[in-house]
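Down below is the structure, laid out as structure tokens.
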DNA sequence: TTCATAAACTAAACATCGTTCATGTCAATC
DNA sequence: GATTGACATGAACGATGTTTAGTTTATGAA
């Protein structure tokens, strides 16, 4: 591939990026429901039909936003993944995950709560999603290697349960915030405590 | 209130019921996305405008469907709630919950995964939702009364965690079925084991 | 420089959506 | 029998995503 693309391809890429940037801004400012082809077009300085020269459909734009969101989530998790102690790292990962969902609720919905997108994001196609899960799974493998898991506890199953726990909390908080009054910190403290107690060979301590 | 309503009110109620029945059929057969005012109207033998004499909006129809779905979920949970042993009852409740979501995925989405409805369903207004949660909370209070919970474990917090675990599993299964390959039974066995280990004073046994 | 060709873009339209409004119809009441 | 009010409709309005046909613009060769 050439070091610098042809000016053609370059401008095409610019157009895609500008469209996605405006789309993202609209979602952040007005919610996913306001993401309209006509609105995107006007914001990006195009006619509605021009968007179809760069994206096949509104769904493809949404999918691209979801992909970018997943990469942002991965970055947040990687930052939290630097914590040394495995148990403290789990809590940091949970809080980073919840922080992303709170900062960009519509993006989180798009990635993990819409039928069409989640499958694509996690079905193996999206490498950021795979990397994010690997980050979580790594903690449990580390714990297993250190012999800190109770007998019969499988690291991959625990990682899945951890993710289910965090996603369950976040997703209910997103849709039933009235019912799920306590903040994530409290919910996680309670949920992770039960989880860690059941998982570990020894008591989790106060990490 | 009169034992039998006036024929006026009676026909009005019939119309409402017929509209809701057709709406439910459309959701079950073609998914929530196919729930269109014009489609409902045609199925119920009305013009589109006539629906607005019985419901304020499409959203109100959807809300009514969600309410009915919540009552159906409550019935399923009540059936599972008859199991005598508390731990076996928890597993039965989880499987009944997952069974409802598998049988009516669009209804489950509507109740617990759509922004506008979940709040109304669980914000205290929906008594079926409150009863369903009380059914779960009761198990943990029963365990607490029997002194089977570990020190410091609060029944209401455990009930919430249990619900989060089950909902997290079900909702991810609904959106990321490709990634969450194992059936609910396996997922629950793993997740509930960790949970129960952490919750109980003694080991959970093989309930 | 000129011209042909392909890419980029637009204006207008199509089908569909939720919703509203003026109009009509028909049964119950005075 | 006339009147009133609930019930229902047809036609429309403003949006939506998307397509088509036509127009402008940039590119690469003569």
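Protein chains in written order, with my numbering: chain A, 9 to 215; chain B, 9 to 215. Every residue, glycine too, gets a C-beta built ideally from N, C-alpha and C.
### Member of A:155, A:82 and A:47 whose CA lies at the smallest distance from the CA of residue 137 of chain A
A:82
### Task
Check whether the stretch 86-94 of chain A touches the stretch 63-78 of chain A, taking contact to mean three or more Cβ pairs, one atom from each stretch, closer than 8 Å.
Touching, no, given that fewer than three Cβ pairs across the two stretches are closer than 8 Å.
### Task
Taking 7 Å as the cut-off, decide whether the C-beta atoms of residue 52 of chain A and residue 30 of chain A are in contact.
Using a Cβ distance threshold of 7 Å, residue 52 of chain A and residue 30 of chain A count as a contacting pair.
#### Entry: Endpoints, the alpha helix (DSSP H) within which residue 55 of chain B is located
Where residue 55 of chain B is concerned, there is no enclosing alpha helix (DSSP H), given that its DSSP letter is neither H nor E.
### Task
Compare the Cα-Cα distances from residue 69 of chain B to each of B:95, B:96, B:40 and B:110 and report the closest residue.
B:40
#### Entry: Cutoff 6 Å; reference residue 37 of chain B; Cβ partners in own chain excluding five residues on either side
none
### Query
How would you list, in chain order, the residues of chain A whose beta-carbon sits under 8 Å from the beta-carbon of residue 177 of chain B?
172 and 176
### Task
Tell whether a beta-carbon distance below 7 Å holds between residue 178 of chain B and residue 106 of chain B.
The Cβ atoms of residue 178 of chain B and residue 106 of chain B lie closer than 7 Å to each other.
### Task
From the DSSP output, in three-state form, read off residue 181 of chain A for me.
helix
### Task
Using three-state DSSP, classify residue 168 of chain A as helix, strand or coil.
helix
### Query
Which residues in the same chain as residue 47 of chain A place their Cβ atom closer than 7 Å to its Cβ, once the five residues preceding and following it in sequence are excluded?
34
### Task
For residue 108 of chain A, collect the residues of the same chain with a Cβ closer than 6 Å to its Cβ; drop the 5 residues on either side in sequence, then sort them by chain order.
81 and 84
### Message
I'd like to know whether the C-beta of residue 65 of chain B is nearer than 7 Å to at least one C-beta of chain A.
### Response
no
### Query
Is residue 102 of chain B near residue 169 of chain A, with beta carbons less than 7 Å apart?
Judged by their CB atoms, residue 102 of chain B and residue 169 of chain A are not nearer to each other than the 7 Å cut-off.
### Query
Which runs of the alpha helix (DSSP H) fall wholly inside the stretch 27-77 of chain B and span at least 4 residues, in chain order?
45-52
### Task
Pull out every residue of the stretch 194-205 of chain A whose Cβ sits closer than 8 Å to any Cβ of chain B, in chain order.
So the list reads 195, 198, 199, 201, 202, 203, 204 and 205, given in the order they occur along the chain.
### Query
Just reading off the alpha helix (DSSP H) that residue 95 of chain A is part of, what are its end residues?
94-111
### Message
With a threshold of 7 Å between beta carbons, is residue 100 of chain A in contact with chain B?
### Response
no
### Query
Among the residues of its own chain, which have a CB less than 8 Å from the CB of residue 171 of chain A, if the five just before and after it don't count?
141 and 144
### Task
Report back the beta-carbon spacing between residue 115 of chain B and residue 77 of chain B to the nearest angstrom; my notes put them in contact at under 8 Å.
4 Å
### Message
My output table needs one value for residue 89 of chain A: the three-state DSSP class, helix, strand or coil.
### Response
coil
### Message
Among B:184, B:112, B:189 and B:97, whose alpha-carbon lies nearest the alpha-carbon of residue 79 of chain B?
### Response
B:112
### Message
Please state the DSSP three-state secondary structure of residue 189 of chain B.
### Response
coil
### Minimum C-alpha distance to residue 27 of chain B - residue among B:73, B:100 and B:135
B:73
### Query
Interface residues of chain A around residue 135 of chain B at Cβ under 7 Å?
The premise fails here: residue 135 of chain B is roughly 13 Å from chain A at the closest Cβ pair, so nothing lies under 7 Å.
#### Entry: Integer-rounded CB distance, given that residue 134 of chain B should sit under 8 Å from residue 55 of chain B
Not a contact, Cβ separation roughly 31 Å.
### Query
Looking at chain B, which residues of the stretch 67-98 of chain A have a Cβ within less than 8 Å of any of its Cβ atoms?
none
### Message
Beta-carbon within less than 7 Å of residue 11 of chain B's beta-carbon, same chain only, minus the 5 sequence neighbours each way: which residues are those?
### Response
Because the pLDDT at residue 11 of chain B is just 39, under 50, the model does not fix this residue reliably, and the value given afterwards should be weighed accordingly. Once the five neighbours on either side are set aside, residue 11 of chain B has no close Cβ partner at all.
#### Entry: Inter-residue spacing [alpha-carbon to alpha-carbon] between residue 149 of chain B and residue 163 of chain B
6 Å
#### Entry: Span separating the alpha-carbon of residue 166 of chain B from that of residue 151 of chain A
25 Å
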